[in-house]
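Undergrad: Could you have a look at this structure, given as structure tokens, before my questions?
2 protein chains.
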Amino acid sequence: MSNGGKSLSNKRVAILIEEGFDSFELTGTITALRNADIVVTLIGPTLKSTPKDKLGTTTATSELAAGKASMKDFDALVILGGHASERMRLRHAMVDLVKDAMVATKPIGAISHGPQLLISANVIRGRTLTCWPSIAIDIKNAGGLYVDKPVAQDSNLITSRKASDIPSFTEALLRALEQSTTDQNQP
Amino acid sequence: MSNGGKSLSNKRVAILIEEGFDSFELTGTITALRNADIVVTLIGPTLKSTPKDKLGTTTATSELAAGKASMKDFDALVILGGHASERMRLRHAMVDLVKDAMVATKPIGAISHGPQLLISANVIRGRTLTCWPSIAIDIKNAGGLYVDKPVAQDSNLITSRKASDIPSFTEALLRALEQSTTDQNQP
């Protein structure tokens, strides 16, 4: 369904960051979203936290603390992989943001190990997902239906396997945001 | 039960290694086992593979390829954590070694993220385990009973949470090896 050429410039997307993120995933996602005039906000464990990427060479800076963030202020949530999602699982405020996005049926994008946070939020039972292959069994044990493809979309859940899937991943995410714009404009 | 002062010098323990291992866990475990005169063999994805530890500063060298290893040649198996177990899950030969050790009821020690490999081998249903807290939910989803303590022992399964649990972990492992010696000497 087309959005009739509507701009996505009124949209806000939250990206969760933590120590050990994959910098290709972060950069690729931010670039695609900003190219569509979307406002991107990096959410960390605290305000101005500065996690390093998994290679220890790049640093990101969070603009908002997870505990102060509300999904009411965002149209979609993105969970990056690398070693970051492993740490996000232990952050209750981050797990709660995932639960809130699910309840509001807002698009949630999770890539590589990102779906670990979906497991911790207990939101994947009966849902079709993809992920980095090492956690496929954890997805299945949590009740998810694992598929191996560049992007899997099941309602508001958009998942990908790895950094090289970023083009498919961001395309699906943008389409979901366009769709939500169209839905909002329905009579 | 005491082993009556029997030596453990006839015992052989296999330690699985892969890229991203925790060097404190590796060094601590090797030291404790060698102090008890146990022969330690490092098993990697290939012979003479040289994985780096998770900080990228230490390298270990494998003495045997997982595909060439047989649990018949070892009295116990150790699975280290860090980011290594995440990679081991994708090595069928390593998953098979875990299954073989379970069938033979030989002691299996797994620390921090090491229990991820136990999940992949599908051997924890109804068993009590501990692990690094971020994967506790994966343990529960796989049918395991998660406890938070320095060492959990359930029959041949010995698990610990983190590098600082190594003294409790190796003590339980040595006790299990002594026990198996005693059992072998039963009439």
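For the protein sequence lines, the chains are A and B, in the order given.
Quick note on this note's numbering: the first sequence kicks off at 1195 and runs consecutively.
Quick note on this note's numbering: the second sequence kicks off at 1195 and runs consecutively.
We treat Cβ as the ideally placed atom computed from N, Cα and C, and that holds for glycine.
This structure is a prediction, so every number in the text was calculated from the model and none was measured.
Please list, in chain order, all residues of the same chain as A/ALA1263 whose beta carbon is under 7 Å from its beta carbon, the five residues on each side excluded.
TA: Within the same chain, A/ALA1263 has close Cβ partners ALA1208, ILE1237 and LEU1291.
Undergrad: Take the Cβ of A/PRO1361 as the centre, count every other Cβ of all protein chains shown within 10 Å, and call the residue buried at 16 or more, exposed below.
TA: Exposed, by the Cβ-count rule.
Undergrad: Does the beta carbon of B/ALA1336 sit closer than 8 Å to a beta carbon anywhere in chain A?
TA: Yes, B/ALA1336 lies at the interface with chain A (some Cβ there is under 8 Å from its Cβ).
Undergrad: If we ignore side chains and look at the alpha-carbon of each, how far apart do A/ILE1305 and A/THR1251 end up?
TA: For A/ILE1305 and A/THR1251, the distance between alpha carbons rounds to 21 Å.
Undergrad: Please identify the residue among B/ASN1350, B/ASN1204, B/THR1322 and B/LEU1220 whose C-alpha is closest to the C-alpha of B/THR1299.
TA: Taking only the C-alpha atoms, the option nearest B/THR1299 is B/ASN1350.
Undergrad: When burial is assigned at 16 or more other CB atoms within 10 Å of the CB, is A/VAL1289 buried or exposed?
TA: Buried is the call here.
Undergrad: According to DSSP, is B/SER1243 part of a helix, a strand, or is it coil?
TA: In this structure, B/SER1243 counts as coil in the three-state DSSP scheme.
Undergrad: Hey, would you say B/VAL1341 sits closer than 8 Å to B/THR1364, going by beta carbons?
TA: Not closer than 8 Å, so no.
Undergrad: Taking 8 Å as the CB-CB limit, is B/PRO1327 close to chain A?
TA: So, interface residue.
Undergrad: Chain B partners of A/ILE1313, CB-CB under 8 Å?
TA: In chain order: ILE1331, ASP1332 and ASN1335.
Undergrad: Just to make sure I have the definition right: I need the residues of chain A whose C-beta is within less than 7 Å of the C-beta of B/LEU1284. Which are they?
TA: The contacting residues are PRO1327 and SER1328.
Undergrad: For A/LEU1284, name the three-state secondary structure that DSSP assigns.
TA: A/LEU1284: coil per DSSP, three-state reduction.
Undergrad: When you compare the CB positions of B/LEU1367 and B/ALA1270, do they come within less than 8 Å of one another, or not?
TA: In contact: B/LEU1367 and B/ALA1270 (Cβ atoms closer than 8 Å).
Undergrad: Scan the segment 1261-1294 of chain A for residues whose Cβ lies nearer than 8 Å to a Cβ of chain B and list them as they occur along the chain.
TA: Under the 8 Å Cβ criterion, the segment 1261-1294 of chain A contributes HIS1277, GLU1280, ARG1281, ARG1283 and LEU1284.
Undergrad: For the alpha helix (DSSP H) containing A/THR1225, list its first residue and its last residue.
TA: Element bounds for A/THR1225: 1217-1229.
Undergrad: Between A/PRO1344, A/GLY1320 and A/GLY1276, which lies nearest to A/LEU1311 when the distance is taken from Cα to Cα?
TA: Closest by alpha carbon: A/GLY1276.
Undergrad: Count the other CB atoms within 10 Å of the CB of A/ARG1281; is the residue buried (16 or more) or exposed (fewer)?
TA: It is buried - the Cβ of A/ARG1281 has at least 16 other Cβ atoms within 10 Å.
Undergrad: Can you name the residues that DSSP bridges to B/VAL1233?
TA: Its beta-bridge partners are B/ARG1206.
Undergrad: Do A/PRO1301 and A/ILE1352 have their C-beta atoms within less than 8 Å of each other?
TA: Yes, the pair counts as a contact, with Cβ atoms nearer than the cut-off.
Undergrad: Between which two residues does the beta strand (DSSP E) holding B/ALA1387 run?
TA: Examination of residue 1387 of chain B is not possible in this model, given that chain B is present from 1195 through 1381 alone.
Undergrad: Consult DSSP for A/GLY1261 and reduce its assignment to one of helix, strand or coil.
TA: Residue state, collapsed to three classes: helix.
Undergrad: Rounding to the nearest angstrom, what Cα-Cα distance links A/ASP1216 and B/GLN1373 in this structure?
TA: One C-alpha to the other measures close to 45 Å.
Undergrad: Tell whether a beta-carbon distance below 8 Å holds between A/ARG1321 and A/ASP1294.
TA: Not a contact, by the Cβ cut-off of 8 Å.
Undergrad: Any idea if A/LYS1317 is buried or exposed, counting beta-carbon neighbours within 10 angstroms, 16 or more meaning buried?
TA: It is worth fixing the name first, because residue 1317 of chain A is Val in this sequence and not Lys. By the neighbour-count rule (16 or more Cβ atoms within 10 Å), A/VAL1317 is buried.
Undergrad: By the three-class DSSP mapping on this structure, what secondary structure does A/THR1353 have?
TA: Strand, per DSSP.
Undergrad: What residues in its chain sit with their C-beta under 7 Å from that of B/GLY1199, if we drop five residues either side in the sequence?
TA: Its pLDDT being 49, under 50, B/GLY1199 is placed unreliably by the model, and the measurement read from it follows with that caveat. No residues qualify anywhere along the chain.
Undergrad: With B/LEU1274 and B/ILE1211 assumed to form a contact (beta carbons below 8 Å), what rounded beta-carbon distance in angstroms separates them?
TA: Yes, B/LEU1274 and B/ILE1211 are in contact; Cβ-Cβ is about 7 Å, under 8 Å.
Undergrad: According to DSSP, which residues form a beta bridge with B/GLY1238?
TA: Answer by DSSP bridge pairing, in chain order: B/ALA1259.
Undergrad: Looking at A/ALA1357 and A/GLY1222, is the spacing between their C-beta atoms short of 8 Å?
TA: Contact flag set, yes.
Undergrad: Give the secondary structure of B/ASP1348 by DSSP, where H, G and I count as helix, E and B as strand, and everything else as coil.
TA: Residue state, collapsed to three classes: strand.
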